[in-house]
Amino acid sequence: MADTSVPPPEAADAAVEAPTATRPNRRKVREGMVTSVSMDKTAVVVSTDRVRHRRYNKTVQRDTRLYVHDESNQLAVGDRVRVQETRPLSKTKRWRLLEIVERAR
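Count along the sequence shown from 1, add 3, and you get the number used in the working numbering.
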């Protein structure tokens, strides 16, 4: 009779690696439009999400205002940007600029 209480070594390694295989960087990435640059080193980006209403099954747009850290004040109103979640930089600022996808015309 074989002893089945100890799993084979390859099965144990697969179980250990499973949780880390999700995403190497767990920080959220959002894309949105710059609506305000009146603060120093901070921009307000509106990120629009399209979600389906639970009862009526109609698509609804939800806007979220994200306060983004812009170290060099390079953003302008109307720019399309990609931002990433980061540690709290101030009372409301929790996002940093990753890249400018499209400049305002």
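Beta carbons are placed, not taken as given, at the ideal position from N, Cα and C, and that holds for glycine.
Flag this pair as touching only if the region 41-51 and the region 75-94 have three or more C-beta atom pairs under 8 Å; answer yes or no.
The region 41-51, when compared against the region 75-94, does touch it at the 8 Å Cβ threshold.
Taking C-alpha atoms, which residue in 107, 101, 108 lies nearest to residue 34?
That would be 101, whose Cα lies nearest to the Cα of residue 34.
Enumerate, from N- to C-terminal direction, the unbroken beta strand (DSSP E) stretches of 3 or more residues contained entirely within the region 58-107.
The qualifying runs are 62-72, 83-88, 98-105.
Per DSSP, what are the beta-bridge partners of residue 53 in this structure?
Per DSSP, 64.
Just tell me which of 38, 63, 61, 99 has its CA closest to the CA of residue 74.
The shortest Cα separation from residue 74 among 38, 63, 61, 99 belongs to 99.
Measuring alpha carbon to alpha carbon, tell me which residue in 105, 87, 103 is nearest residue 28.
When only C-alpha atoms are compared, the closest one is 87.
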